[in-house]
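Enquirer: To start, I am sharing the structure in question, which I have written as structure tokens.
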Amino acid sequence: MLRLWFDKGTLLLRGKVGTPYGKWDPRVGCYRTKAMYYRAVLAYLEESSIPYRDDVQKLPPLKTLRSTIKLRPYQKEALSRWRHGCMRGVLVLPTAAGKTYIALKAISLLKTQSLIVVPTLDLIDQWKRRVRECLGVEAGAVGGGEHNVRMITVSTYDSAYLQAELLGNKFMFIVFDEVHHLASPSYMQIAEMYIAPYRMGLTATYERLDERHELLPRLIGDIVYSVDVEELTGEHLSPYIYEKVLVGLAPDEQQMYDEQMAIFKNYLQEKRIILKSAKDFQRFIMITGRDRRAREALLARNRALKVALNSEQKLDVLAKQLEAHKKEKTLIFTLHNDLVYAISRRFLIPAITYQTPKEERREILGNFRKGDYKVIVTSQVLDEGIDVPDASVGLIMSGTGSTREYIQRLGRLLRRVEGKRARLVEIVSKETVEVGISRRRGQKKTGEESNRAAK
Amino acid sequence: MLPSNLLAVWKRKGVIQPRYAKLSKANLEVANSLIEAYNRHLGEKKKVLKEFIVELEDSGQDYHFVRGLSFLLDRRSMFSCNENVNPVDLRRKIFRLTGKLGLATTPEQRKRIIENVAAELKIPVEMLEENLYSDLESELILEKFEPLSPQALLERYNLSMTQTLLFGATEMDFTASANWQKIFFVIKRLGLIYDAYKDGGFWVKIDGPASLFKLTRRYGTAMAKLLPVIVANSKWRVEAKILWKYTNEICDFKIESWKHQQLLGSHQPAISFDSVVEEDFATRFQALEAGWRLRREPEPVLAGKRVIIPDFSFEREGVRLYMEIVGFWTTEYLLRKIEKLKNLDVRMLVAVNENLACERLSNLGKNTQLNILYYRKRIPLAPIIRYLQEAFREVYSKQTDFLKELPVTLTEPFVEFEEFAARIGVSAEAARAALTEKTPDNYKLLANGLIRKEKLEQIRKRIDEQTGRSGRLPLSEVAKIIEKEGIDVTSVIEAIGYKIIWHGINIEKAEVLRLKNKTS
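Shown next, in the form of structure tokens:
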């Protein structure tokens, strides 16, 4: 009889029967196939009436789920499309459209061992909380030093990838939150090394700049449902107002900026280097490893940018903005940790960066949720999907110009606050490179135009 | 291992190498100045130390190199936070207060909040300001640093770079001179798959389960972890395919002990014994001088797809036997071992500790014609010697039997026993016995081989001519004539009716003298 079992992220098949899936592995002397073909192998064996013994699954025990989830009409529609797509596929919904609830509803219907894969540790906490609230069970967690496998388990992409050998045969259903991450060369192995026949991807931003999202259909199925912000705004999401405040540098700052930038520009001109894309820039960084002067030019540029980012004038404008929105919950974003701490020290605002201890981060977010803290200043950690309920003001102190980041940041402010419109204010230095960055950003969709119109 | 952005490489025509730091005077100086900097900055903030390092980078040093070294030194350091004030508590108090009183958007408001909290904690305002973020990485204090020599630092740097390069490996082949037990133990623990083969020496190719379907860097980290165990040997060679992620090309990477050992450092522990039992056995056996060469952890034995790594091998004249020492065991374990050995064309003695049995011995039944030797405290020598001799005799007689069957047809003018034995794969003694018994008529038996009679006659004639009537000739002259034929002098001299006369120990002065009664 054909015997089938799980071996470190792959399936081994031993027996005299050939199947279209096995590849002969001379190292161990039997057929081997990717774990993702588990469902297909079984279907083939059943259809061909081939007797087999299946030792693949090692599932954690089931628990009774008590679902309290009531889906909105578009969420129901999304779920039913997914079920019609053989319980595989991607749902594209804007941030705050309640993707979490659709996935949890799917788990409660399937009543099976489920793994939820998320990009950050914060999201592990958030999903665990939702599982507790909506399904009445405690979820396990893998990642950030925890390793606790339960019927419903939440893991980071990193841990799911690194521990595929151990976890690959423990779940029948996988939910990929922020599924665009899955397309990266290493993370895509998660999809390949897990047996789970049922798969769901969730994202607000399906497309990747590197086009690798084209690999996703093979791994988890096609897009089965897609709706964008415009279709939902007004009805389910609160619209926001975007505003840009230009700030000039102080004379001494401007002088320092010009000097340093000149060093950089002169070097580029002299060497006829043109930096247009991110790739050009990467190539330039590579040169700085070998070329002394290139490195000096780069350092000069960094100093100039630092002046622009940390401009005193900008901090004054920030103070005014904070005064103006005193009563509202506010998030301040900046990419630079130094600036986060400078702002935190100056205004005595709690800060969250990658360096913030996990406990403290949890406490700060909790207090913010309760309203004990009104403002948080943060670098990138809150970027994706983390719930910061009813924050109604966002202040951007700097940025990189990436489209996805922009949408996600806006999304964070899209929580419904009793009929109130959210406000997003970007504070940019006048006459510096930064203007270029944020102009590039604004050109992409969901930018200022659509929201100015909403004003 | 270093972060991949600190890995510096040379890449040309599909070959890749880390840019190893030579143990040159200049590099040793950089290493030394860094080590001293860490020593000097004990008790200071990390950011002060890092400023020094940035200065070093900016003063013309390769920043990959400087940062790489500093990364390794960080790992030998302990940075800690001032323990008098808990910054997390401090912040909580301040943020709660700002939550109540409003943000510090003016200097007055800020001062009010800070003073308030300082008063509550009964600490000076300056201390509060100082400690507000004293748990940040850059604010931590260098408390301990475990120094090392500049040379050791460079060696570690080179080893770390090699490991970092291997992160991108899709497969790796290697050979090593010893340490196999440990190597295979690590391979298994890391979840790698091995494929052992012979190519000059004993080689092992490793990759992982999913490597079957496509090239993957997934197992690179595991290969990097294996590397230190391999290069801890006196001789080794490692070859790997690196998938270079920046250009997506496959590059060859090779290192070998004679070239690279110096760069990576020689962390060679003396032959280590797993247990006192083994060490004790080896010492006593060698003292016996029983004519067997004992080797600790010999080259592994290929058993089909599997590999067996015996603890000892005994060698004598091309006959080789193995011994494995078993500590804790169960019947099932022993039976599995026996099964593994059964179809194998090697002789293995298994020494089993009776005291460490997890089940009763009787459970094993009579299943074991395999050579199991029970011991309690020390491994007894007598039964082993007996076993070895029996086995030797058996192998030996098998070989002589084999030779008896073998029709001996010789064509060469001179046949040496040892060379003949090696050619057909038997022991020299067996070859000697067989050829002595079955010397073909046209050959004459010598001490170390057979010589064709015509050849012998030819040699004698030539020497007779040279010696003339005196019957004497310097040995060196004779040697010239005989060794031209590729034959050892001393064994032939007597066969042609001469003997060597020694005048002292100086071989130059020795002569050969024709005997009166010619024997042939």
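Protein chains in written order, with my numbering: chain A, 45 to 499; chain B, 15 to 534. Even for Gly, the Cβ is constructed at its ideal location relative to N, Cα and C.
Which partner residues of residue 269/A appear in the DSSP bridge assignment?
Expert: Indexing the first sequence from 1 puts residue 269/A at position 225. Residue 269/A is bridged to 135/A.
Enquirer: In the DSSP assignment, the alpha helix (DSSP H) including residue 236/B goes from what residue to what residue?
Expert: The residue given as residue 236/B occupies position 222 in the second sequence. Per DSSP, residue 236/B belongs to the alpha helix (DSSP H) from 234-245.
Enquirer: Please list the partners that residue 209/B has in chain A, where partner means a Cβ-to-Cβ separation under 7 Å.
Expert: The sequence position of residue 209/B within the second sequence is 195, counting from 1. What residue 209/B touches in chain A: 71.
Enquirer: For residue 196/B, collect the residues of the same chain with a Cβ closer than 7 Å to its Cβ; drop the 5 residues on either side in sequence, then sort them by chain order.
Expert: Walking along the second sequence from the start, residue 196/B turns up at place 182. Cβ neighbours of residue 196/B beyond the five flanking positions: 243.
Enquirer: Compare the C-beta of residue 328/A with all C-beta atoms of chain B and state if any pair is closer than 7 Å.
Expert: The residue given as residue 328/A occupies position 284 in the first sequence. No, residue 328/A does not count as interfacial toward chain B.
Enquirer: Starting from residue 191/B, follow its DSSP beta bridges and name the residues at the other end.
Expert: Sequence index remark: in the second sequence, residue 191/B carries index 177 (1-based). In DSSP, residue 191/B forms no bridge with anything.
Enquirer: Could you check whether the Cβ of residue 366/A sits closer than 7 Å to any Cβ belonging to chain B?
Expert: What you label residue 366/A is simply residue 322 of the first sequence in a count that begins at 1. So, interface residue.
Enquirer: Can you find a CB in chain A that lies within less than 7 Å of the CB of residue 102/B?
Expert: The count along the second sequence starts at 1 and reaches residue 102/B at position 88. Closer than 7 Å to some Cβ of chain A, the Cβ of residue 102/B qualifies, so yes.
Enquirer: Does any CB atom of chain B fall closer than 7 Å to the CB of residue 102/A?
Expert: Here residue 102/A corresponds to residue number 58 of the first sequence, with the count starting at 1. So no, residue 102/A is outside the interface.
Enquirer: Please list, in chain order, the chain B residues whose beta carbon lies closer than 8 Å to that of residue 394/A.
Expert: Here residue 394/A refers to the residue found at position 350 of the first sequence. In chain order: 105 and 109.
Enquirer: With DSSP as the reference, please indicate the residues paired to residue 339/B in a beta bridge.
Expert: Numbered from its first residue, the second sequence carries residue 339/B at position 325. Note: residue 339/B sits in a beta bridge opposite 365/B.
Enquirer: Just how far apart, CA to CA, sit residue 360/A and residue 141/B?
Expert: Position 316 of the first sequence holds residue 360/A. Position 127 of the second sequence holds residue 141/B. Going from the Cα of residue 360/A to the Cα of residue 141/B covers about 26 Å.
Enquirer: Name the residues in the region 211-235 of chain B whose C-beta lies less than 8 Å from a C-beta of chain A; which are they?
Expert: So the close ones are 222, 223, 224, 226, 227, 230, 231 and 232.
Enquirer: Within a Cβ cutoff of 6 Å, which residues of the same chain sit near residue 358/B, ignoring the five residues on either side of it in sequence?
Expert: Your numbering for residue 358/B matches position 344 in the second sequence. Closer than 6 Å at the Cβ level, and outside the excluded window around residue 358/B, lie 317.
Enquirer: Please tell me whether residue 34/B and residue 172/B are closer than 7 Å, where the distance is taken between their beta carbons.
Expert: In the second sequence, residue 34/B corresponds to position 20, counting from 1. In the second sequence, residue 172/B corresponds to position 158, counting from 1. Yes, they are a contact pair.
Enquirer: Going by other Cβ atoms of all chains shown within 10 Å of its Cβ, with 16 needed for buried, is residue 74/B buried or exposed?
Expert: By one-based count along the second sequence, residue 74/B stands at place 60. It counts as exposed.
Enquirer: Name the chain A residues that come within less than 7 Å of residue 498/B, Cβ to Cβ?
Expert: Within the second sequence, numbered from 1, the residue matching residue 498/B stands at position 484. Simply none; closest approach about 52 Å.
Enquirer: What ranges does the alpha helix (DSSP H) occupy inside the region 286-327 of chain A, keeping only unbroken runs of at least 4 residues that lie completely in it?
Expert: Taking only runs of at least 4 residues, the alpha helix (DSSP H) segments lying wholly in the region 286-327 of chain A are 295-315.
Enquirer: Going by C-alpha distance, which of 390/A, 222/A, 231/A and 118/A is nearest residue 245/A?
Expert: The residue labelled residue 245/A in the question sits at position 201 within the first sequence. Ranking 390/A, 222/A, 231/A and 118/A by Cα distance to residue 245/A puts 222/A first.
Enquirer: In terms of DSSP beta bridges, what is residue 31/B paired with?
Expert: To locate residue 31/B, count along the second sequence from 1; it is residue 17. According to DSSP, which records beta bridges pairwise, residue 31/B is partnered with 24/B.
Enquirer: Buried or exposed for residue 299/A, going by 16 or more other Cβ atoms inside 10 Å?
Expert: As a first step, residue 299/A is located in the first sequence; it is residue number 255 there, counting from the start. The residue in question, residue 299/A, is exposed, as its Cβ has fewer than 16 Cβ neighbours within 10 Å.
Enquirer: By DSSP, does residue 82/B sit in helix, in strand, or in coil?
Expert: The sequence position of residue 82/B within the second sequence is 68, counting from 1. Residue state, collapsed to three classes: helix.
Enquirer: Relative to the C-alpha of residue 368/A, which residue among 386/A, 346/A and 419/A is closest?
Expert: Translated into the one-based positions of the first sequence, residue 368/A becomes position 324. Comparing Cα positions, the closest option is 419/A.
Enquirer: Can you tell which of 381/A, 289/A and 240/A has the C-alpha that lies nearest to the C-alpha of residue 474/A?
Expert: Within the first sequence, residue 474/A is the residue found at index 430, counting from 1. Nearest option by C-alpha distance: 289/A.
Enquirer: Please state whether the Cβ-Cβ distance between residue 170/A and residue 146/A is less than 7 Å.
Expert: Here residue 170/A corresponds to residue number 126 of the first sequence, with the count starting at 1. Here residue 146/A corresponds to residue number 102 of the first sequence, with the count starting at 1. It is not a contact, given that the beta carbons lie outside the stated cut-off.
Enquirer: Is residue 351/A closer than 7 Å to residue 297/A when the C-beta atoms are compared?
Expert: Along the first sequence, one-based indexing puts residue 297/A at 253. Along the first sequence, one-based indexing puts residue 351/A at 307. Yes, they are a contact pair.
Enquirer: Give the residues of chain A in contact with residue 279/B, contact being defined as C-beta atoms less than 7 Å apart.
Expert: Start at 1 with the first residue of the second sequence, and residue 279/B comes out as number 265. The contacting residues do not exist; residue 279/B stays about 25 Å from chain A at best.
Enquirer: For residue 112/B, go through chain A and note every residue whose CB falls closer than 9 Å to its CB, in chain order.
Expert: For the purposes of this step, residue 112/B is taken as residue 98 along the second sequence, with counting starting at 1. Result: 391, 392, 393, 394, 417, 418 and 419.
Enquirer: For residue 444/A, which three-state DSSP category applies?
Expert: Along the first sequence, read from residue 1 onward, the residue named residue 444/A stands at position 400. Annotation note: pLDDT 38 at residue 444/A (below 50); position unreliable, no value reported.
Enquirer: Run through chain A and tell me which residues come within less than 7 Å of residue 124/B, C-beta to C-beta.
Expert: For the purposes of this step, residue 124/B is taken as residue 110 along the second sequence, with counting starting at 1. Going along chain A in sequence order, the residues near residue 124/B (Cβ under 7 Å) are 392.
Enquirer: Between the Cα of residue 104/B and those of 89/A, 393/A, 412/A and 470/A, spot the shortest distance and give me the residue it belongs to.
Expert: Indexing the second sequence from 1 puts residue 104/B at position 90. The option with the nearest alpha carbon to residue 104/B is 393/A.
Enquirer: Residues of chain B with CB closer than 8 Å to the CB of residue 568/A, please, in chain order.
Expert: Here chain A has residues from 45 to 499 only, and residue 568/A is not among them.
Enquirer: Can you tell me which residues form a DSSP beta bridge with residue 41/B?
Expert: For the purposes of this step, residue 41/B is taken as residue 27 along the second sequence, with counting starting at 1. DSSP, once it has assigned bridges, lists no residue as partnering residue 41/B.
Enquirer: For the structure I just gave you, are there three or more beta carbon pairs, one from the region 251-267 of chain A and one from the region 224-233 of chain A, closer than 8 Å?
Expert: A contact exists between the region 251-267 of chain A and the region 224-233 of chain A.
Enquirer: To which residues of the same chain is residue 320/B closer than 8 Å at the C-beta, ignoring the five residues directly before and after it?
Expert: In the second sequence, residue 320/B corresponds to position 306, counting from 1. Cβ within range, chain order: 354.
Enquirer: The alpha helix (DSSP H) that contains residue 381/A, what's its start and end?
Expert: The residue labelled residue 381/A in the question sits at position 337 within the first sequence. 381-391 is the span of the alpha helix (DSSP H), which, as asked, contains residue 381/A.
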